[in-house]
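Protein chains: 2
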Amino acid sequence: MTGSTHYEALTPETLADRLVGIEAIAARVGADAGTWRVMEVGDGNLNLVFIVGGPAGTVIVKQALPYVRLVGDSWPLPLKRAFFEYQVLTREAARDPGSVPEVYHFDEAQALIVMEFLAPHVILRKKLIAGETVAGLAETLGNFCARTAFRGSDLAMATAEKKADTAMFQGNVELMAITENLVFTDPYFDAERNHHTEGLDPVVATLRADVEMKAQVQHMLMAFTANTETLCHGDLHSGSAMCTDVETKVIDPEFGFYGPMGFDFGMLISNYVMAYFSQPGHRGAEDLAAYQDWILGVIEDTVAAFEAEFTQLWNTERTGILYPKALFEDQGQSSETALAGVLRHIWQDAVGIGGIEMHRRVLSLAHNADFEQIEDVTVRAPLEARNLMMGRELILRRGEIADARALTDLARKYNEEAFL
Amino acid sequence: MTGSTHYEALTPETLADRLVGIEAIAARVGADAGTWRVMEVGDGNLNLVFIVGGPAGTVIVKQALPYVRLVGDSWPLPLKRAFFEYQVLTREAARDPGSVPEVYHFDEAQALIVMEFLAPHVILRKKLIAGETVAGLAETLGNFCARTAFRGSDLAMATAEKKADTAMFQGNVELMAITENLVFTDPYFDAERNHHTEGLDPVVATLRADVEMKAQVQHMLMAFTANTETLCHGDLHSGSAMCTDVETKVIDPEFGFYGPMGFDFGMLISNYVMAYFSQPGHRGAEDLAAYQDWILGVIEDTVAAFEAEFTQLWNTERTGILYPKALFEDQGQSSETALAGVLRHIWQDAVGIGGIEMHRRVLSLAHNADFEQIEDVTVRAPLEARNLMMGRELILRRGEIADARALTDLARKYNEEAFL
Chain A
1 MTGSTHYEAL TPETLADRLV GIEAIAARVG ADAGTWRVME VGDGNLNLVF IVGGPAGTVI
61 VKQALPYVRL VGDSWPLPLK RAFFEYQVLT REAARDPGSV PEVYHFDEAQ ALIVMEFLAP
121 HVILRKKLIA GETVAGLAET LGNFCARTAF RGSDLAMATA EKKADTAMFQ GNVELMAITE
181 NLVFTDPYFD AERNHHTEGL DPVVATLRAD VEMKAQVQHM LMAFTANTET LCHGDLHSGS
241 AMCTDVETKV IDPEFGFYGP MGFDFGMLIS NYVMAYFSQP GHRGAEDLAA YQDWILGVIE
301 DTVAAFEAEF TQLWNTERTG ILYPKALFED QGQSSETALA GVLRHIWQDA VGIGGIEMHR
361 RVLSLAHNAD FEQIEDVTVR APLEARNLMM GRELILRRGE IADARALTDL ARKYNEEAFL
Chain B
1 MTGSTHYEAL TPETLADRLV GIEAIAARVG ADAGTWRVME VGDGNLNLVF IVGGPAGTVI
61 VKQALPYVRL VGDSWPLPLK RAFFEYQVLT REAARDPGSV PEVYHFDEAQ ALIVMEFLAP
121 HVILRKKLIA GETVAGLAET LGNFCARTAF RGSDLAMATA EKKADTAMFQ GNVELMAITE
181 NLVFTDPYFD AERNHHTEGL DPVVATLRAD VEMKAQVQHM LMAFTANTET LCHGDLHSGS
241 AMCTDVETKV IDPEFGFYGP MGFDFGMLIS NYVMAYFSQP GHRGAEDLAA YQDWILGVIE
301 DTVAAFEAEF TQLWNTERTG ILYPKALFED QGQSSETALA GVLRHIWQDA VGIGGIEMHR
361 RVLSLAHNAD FEQIEDVTVR APLEARNLMM GRELILRRGE IADARALTDL ARKYNEEAFL
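Residue numbers (my numbering), protein chains in the order written: chain A, 1 to 420; chain B, 1 to 420.
This is the structure in structure tokens:
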């Protein structure tokens, strides 16, 4: 099917016949398609994902569907998102080698990517719900955020190349629209696709009555849609990382877009905060506090890793048009003030985006399993309420929450409060 | 020559023969090219400009050169800037009807635009040097800035259309690079193309020693190069407006780019400030104070017109993805807080960009005639020093200078000071 221009969704039954000719698969799975074992395992919101195993090994085949899987064909979504996912994967691999699955083959017409099968990795969110730790998690993802943010920006890239790439990614408009709607807008009015846990109505009313907060959210939306600072992953939550106990990989960048350098970083951190708040629904007192402490430690260490790596890149790879050495080092001056300003700007955006993510994951269409798997709504609702109210404070006070410790302190404070 | 794909620069001698077949010219000038009078009048930095007159009337023929006219063919510049100029002119005409010369014909291969001849208009900067007033100036350009900023942004446009347009304008990379270099960077180090008035060295040293200020300038450069909020004119100084005593038109948008909503607005205001500071070099005490007052009044009225028009559009044309009514008015809430935040953001960017423009026009390649025409450097230098020092304060305190009056008060204060 390689090179065929007629898109057709794969099934476990048709996959072997259709992909047998692809050398990248044959070489890694086995040339005889009769020996292939195919399993559809997609549990995300958008795509088909197949594990294809055989005598020589195993690969992943990911194929976009022409609609949102979570909703069905009433919500069409263009296949070209696979093209953007492929483009982001190659850039992430270049900017942070080893951070993403290796891509073996891409077929644009079939919206299909064949890539490395990660085993025994599991989705990070599942590990956070299960109370499992991952060694090196903070460093890996803090470095990933710093390297992709820095190396994809005008701090490092030739600006003509960066502008050409920015132009191309403006085409990922439908995926950006999902974020613009589901993340930045739907939580704050009675949108059709919203749903939330019974009992949360008073908190929802508080958020929707807060005109200043909604204005701040929309200021952040303007930054999301217009501030093309770097190529973002676009969906970097704990469902987009796969981990063993000692290794972490980033997957699923089809929402890739040029946006604020703090976007991925903020979304990631806020998903840790949600994991933190949800813990009382998943484990008993004997190990609750220790595991919650571990999560907050991951946040602090992620921020520390990000800042250390960003600073390192600032000092060694600042070859773009921004903050040129001609204005600082070459005049015998330090650029530390400028770097501090950039880090403050990134952090402020990250905190604001994090607060918004904490709202949409409880109020909009796509909820987090962290909360969703707490079956008893009388347990779940108060935990979600803490999360919503802290999200509000992050949005409103994103200019004042100075550092990671201020953020984790805030989480500890909200973790003690009752809003229902 | 229409449709010819081989570019060739026009001359007054060849123009009639080469353009005789263009119906848009023939209809407005006369069908017999033998009757045409052709005069090259380009006094800008980049292009050829011809006035073509005949029995039926007069048109302007503007043609890009493949290099920077001010510098020569050692500095190549792509012809496609004429394409972007044409694209911006059509959008400005749609967003603020009557604000720009009517375009009669565009030839992409020849990088040539045939447009309305404005008479008896003269360049606004010349009027400001001559001490002449223009009725309605503030309202026309304040409205222009508000209408183009608002209607070219995600406040008004369908976001898919806006992103497609943003992608296209990323191609105007060489013109953006001129701004990135000459405006945001060169003034702050010993760049080859810099020159400044004798006697200014101590002030230049003060600026280059100010690491905090240079960091702020580079933060603004990041916004220039990445914050694609709206389609900007890109070069809206007093040399890009043509006026009679009662009418104002905007010309020369080849620097058009998607950037901060405050960009054009800030550049415009800062050129008025420079006109203000330069006045003691152009007239005697008998009418100096009155004319300086008039200029500062134009600034205040421009800001007032901008804010009034922007507010009107906010209330009547807010159809984009940003600040949707679903989040405010439809919930029985006012969006005034959000609007105030947007206006504050625009103003803050405008003030910062204005300060940078005030530096580059005295230190970088392209100086302002306002100062340059003051032949006595012992008169000119102290006036430029005031301008440079106020520019620094605008950059450093752009978050604190609350409104137009605070800015004009600052200008009055600096106008009394001696820095040399």
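Think of the CB as a built atom: it goes at the ideal place given N, C-alpha and C, for glycine as much as any other residue.
Just so you know, these numbers come straight off a predicted model, no measurement behind them.
Query: Assigned secondary structure, residue 158(A) (DSSP; H/G/I helix, E/B strand, else coil); Result: coil
Query: Residue 120(B) burial status per 10 Å Cβ neighbour count (16 or more: buried); Result: exposed
Query: Anticipated Cβ contact below 8 Å, residue 129(B) with residue 282(B), distance rounded; Result: 6 Å
Query: Segments of 3+ residues assigned as beta strand (DSSP E) that fall wholly inside the stretch 337–386 of chain B; Result: none
Query: Secondary structure, beta strand (DSSP E): runs of 3+ residues fully inside the stretch 163–234 of chain A; Result: 230–232
Query: Rounded straight-line distance, which links the Cα of residue 63(B) to that of residue 46(B); Result: 9 Å
Query: Alpha-carbon to alpha-carbon, residue 122(B) and residue 67(B); Result: 26 Å
Query: Proximity winner among 135(A), 200(A), 150(A) and 33(A), relative to residue 249(A) (alpha-carbon distances); Result: 135(A)
Query: Length-filtered (3 minimum) beta strand (DSSP E) runs lying within the stretch 16–69 of chain A; Result: 37–40, 47–54 and 57–64
Query: Sufficient close CB pairs (3 or more, under 8 Å) joining the stretch 292–305 of chain A to the stretch 390–408 of chain A; Result: yes
Query: Three-state secondary structure (DSSP) of residue 116(A); Result: strand
Query: When 353(A), 113(A), 23(A) and 420(A) are compared against residue 237(A), the one with the closest alpha-carbon; Result: 353(A)
Query: Residue range of the beta strand (DSSP E) that includes residue 257(A); Result: 257–259
Query: Where residue 221(A) meets chain B, residues with beta-carbon distance less than 9 Å; Result: 154, 321, 322 and 323
Query: Any C-beta of chain B under 9 Å from that of residue 168(A); Result: yes
Query: Under 9 Å (Cβ pairs) to chain A, residues found in the stretch 327–338 of chain B; Result: 327, 328, 330, 331, 333, 334, 335, 336, 337 and 338
Query: Residue 211(A) at chain B interface by Cβ criterion, 9 Å; Result: yes
Query: Proximal residues, the stretch 52–67 of chain B versus chain A, C-beta separation under 8 Å; Result: none
Query: C-alpha gap between residue 216(A) and residue 369(B), whole angstroms; Result: 42 Å
Query: Reduced DSSP secondary structure (H/G/I, E/B, other) of residue 248(B); Result: strand
Query: Under 9 Å from the C-beta of residue 171(B): neighbouring residues of chain A; Result: 163, 164 and 167
Query: Distance between residue 106(B) and residue 254(B) (C-alpha atoms, nearest Å); Result: 14 Å
Query: Where residue 194(B) meets chain A, residues with beta-carbon distance less than 9 Å; Result: Going along chain A, no residue has its Cβ under 9 Å from residue 194(B), so there is no contact; the nearest lies around 12 Å.
Query: Under 8 Å from the C-beta of residue 341(A): neighbouring residues of chain B; Result: 215, 216 and 219
Query: According to DSSP, residues forming a beta bridge with residue 321(A); Result: Answer is none; residue 321(A) lacks a bridge partner.
Query: Extent of the continuous alpha helix (DSSP H) run through residue 107(B); Result: No alpha helix (DSSP H) holds residue 107(B); the beta strand (DSSP E) holding it covers 103–107.
Query: Stretch pair the stretch 329–342 of chain B + the stretch 158–170 of chain B: three plus CB contacts closer than 8 Å; Result: no
Query: Neighbour list for residue 244(B) in chain D, Cβ cutoff strictly below 8 Å; Result: You won't find chain D in this structure, because its protein chains are A and B.
Query: Given residue 98(A) as reference, the closest of 399(A), 143(A), 39(A) and 85(A) once Cα atoms are compared; Result: 143(A)
Query: Closer than 9 Å to chain B by CB, residue 368(A); Result: no
Query: Beta carbon proximity, residue 237(A) to chain B, threshold 9 Å; Result: no
Query: Three-pair Cβ contact test at 8 Å for the stretch 297–314 of chain A versus the stretch 382–400 of chain A; Result: no
Query: Through-space distance from residue 77(A) to residue 109(A), alpha-carbon basis; Result: 15 Å
Query: Neighbour flag for residue 442(A) against chain B, beta carbons, 9 Å; Result: Since the first residue of chain A shown is 1 and the last is 420, residue 442(A) is not available in this structure.
Query: Beta-carbon gap between residue 29(B) and residue 52(B) smaller than 9 Å; Result: yes
Query: Beta-carbon contacts of residue 25(A) that lie in its chain and below 8 Å, excluding the five residues immediately before and after; Result: 19, 52, 59, 61, 104, 105 and 114
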